[in-house]
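Working notes, beginning with the structure itself.
Residue numbers (UniProt numbering): 1 to 445.
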């Protein structure tokens with residue numbers, strides 16, 4: 001048997017009051033007593049405290065409140081409570097009973113709340129408890145098959161993507177190559193267009209030169225004809241040639257005789273061939289069989305095939321002939337172009353020769369006139385016996401020539417006559433050559 005007793009006591013006064021304690025006891029085998037101090041207050045008179053204890057039998061505990069009731073009450077009062085119980089014991093017991101009833105009501109209410117809380121806790125655990133796992137083993141094979149299918153589809157898709165990339169690269173390279181070829185072709189076309197423009201201008205210039213050369217050729221022909229007429233008129237003689245020969249046979253008559261003879265022979269042969277053909281046809285018509293028609297048809301087909309072959313050969317030969325003609329035509333055009341170039345060069349050379357011949361004739365005339373003037377000046381000098389000659393220039397066309405002419409002096413023993421250079425006269429030889437001749441005047445000094 002064990003017993004544990006816990007006593008708490010407290011005393012408080014407010015206009016007088018008292019405090020009390022409670023303890024309780026024992027049971028047959030074991031009992032436990034838990035006591036708690038309770039306090040109450042009475043308005044206007046004071047306050048006192050009391051305690052209740054529970055005794056024999058069962059026990060009840062809830063929320064820190066302990067109480068028990070086993071068949072009776074026991075109480076003990078503190079030092080200040082003995083006087084209160086002795087004076088008003090019935091009121092105190094009634095108060096304690098009321099308090100006990102209120103405590104019991106509170107205990108029942110708390111038990112109900114505790115039961116509700118336990119119910120809520122069980123429901124919460126029941127809801128939050130892990131559910132029973134389902135058996136998915138039947139789906140594992142399907143999942144594995146689907147994974148294999150997805151993997152194979154993924155691999156094939158990657159291969160298709162790689163192939164598409166390689167194909168795209170190939171097409172990109174082809175596009176770049178074709179673009180380069182197109183650019184080169186366009187450049188060649190532009191170059192050929194420039195060449196064509198140049199050839200067109202050259203052709204127009206050559207055509208104009210050809211027209212001028214034709215006109216020149218016509219003029220040369222006319223000049224040649226006139227020169228021939230002049231030469232013929234200058235020769236002025238007739239030449240007659242007579243040949244004595246034996247009279248020949250009449251060739252026309254001989255040819256007519258031969259023609260008649262051959263015509264007769266041809267007519268005779270034609271009649272014989274016609275008679276032979278008629279006889280042959282009659283004999284063949286009598287001896288022919290129906291199978292010869294098939295042979296003739298076969299022969300006709302062979303002949304048609306041969307005709308087609310000959311026609312194709314003819315067309316190929318015509319094509320080769322056209323190609324040959326075009327090739328030789330191009331060669332002739334090239335040769336003609338070379339001939340035209342050579343003719344142009346010859347014409348230019350001829351023009352240069354004519355210009356040089358004219359210049360030569362002009363220079364010869366100038367030379368002769370200069371020689372004549374020199375002879376005249378020499379004769380005048382010899383006749384006059386001049387002592388000195390001074391040259392002064394009144395007007396110059398070239399400064400250096402006039403200065404050099406002014407610095408020259410004749411011999412000192414010539415003193416009678418003098419020459420004065422009045423000016424230099426330009427004498428054009430051609431477009432590139434001009435001679436400046438001094439104009440002298442004789443003056444007696």
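By construction, the Cβ of each residue, glycine as well, lies at the ideal position given by its N, Cα and C atoms.
Proximity below 8 Å, CB of residue i to CB of residue j
i, j, result
"residue 209", "residue 344", "yes"
8 Å contact criterion, which residue i and residue j should meet: CB distance rounded
i, j, result
"residue 511", "residue 347", "The structure shown does not extend to residue 511, since the chain is modelled only from 1 through 445, so no value can be given for it."
"residue 206", "residue 340", "7 Å"
Boundaries of the alpha helix (DSSP H) in which residue i is found, first to last residue
i, result
"residue 95", "89-128"
Straight-line gap, residue i to residue j (C-alpha atoms, nearest Å)
i, j, result
"residue 311", "residue 305", "10 Å"
"residue 308", "residue 298", "15 Å"
"residue 275", "residue 318", "42 Å"
"residue 177", "residue 322", "37 Å"
"residue 336", "residue 330", "10 Å"
"residue 368", "residue 223", "31 Å"
"residue 183", "residue 167", "24 Å"
"residue 364", "residue 216", "28 Å"
"residue 105", "residue 137", "58 Å"
"residue 134", "residue 126", "18 Å"
"residue 118", "residue 148", "53 Å"
"residue 92", "residue 124", "47 Å"
"residue 357", "residue 379", "33 Å"
"residue 111", "residue 90", "31 Å"
"residue 98", "residue 114", "24 Å"
"residue 359", "residue 327", "47 Å"
"residue 351", "residue 381", "45 Å"
"residue 128", "residue 139", "28 Å"
"residue 280", "residue 320", "44 Å"
"residue 155", "residue 161", "10 Å"
"residue 303", "residue 261", "38 Å"
"residue 234", "residue 225", "14 Å"
"residue 48", "residue 121", "At residue 48 the pLDDT is 38, less than 50, meaning the model places this residue with poor confidence; the figure from the coordinates comes in the next sentence. About 41 Å."
"residue 180", "residue 186", "10 Å"
"residue 314", "residue 191", "40 Å"
"residue 116", "residue 100", "24 Å"
"residue 252", "residue 332", "45 Å"
"residue 221", "residue 264", "56 Å"
"residue 273", "residue 324", "45 Å"
"residue 338", "residue 194", "22 Å"
"residue 159", "residue 169", "15 Å"
"residue 196", "residue 211", "22 Å"
"residue 157", "residue 146", "16 Å"
"residue 376", "residue 204", "57 Å"
"residue 164", "residue 153", "16 Å"
Proximity test, Cβ basis, 8 Å: residue i and chain C
i, result
"residue 128", "The displayed structure is made up of one protein chain only, and chain C is not part of it."
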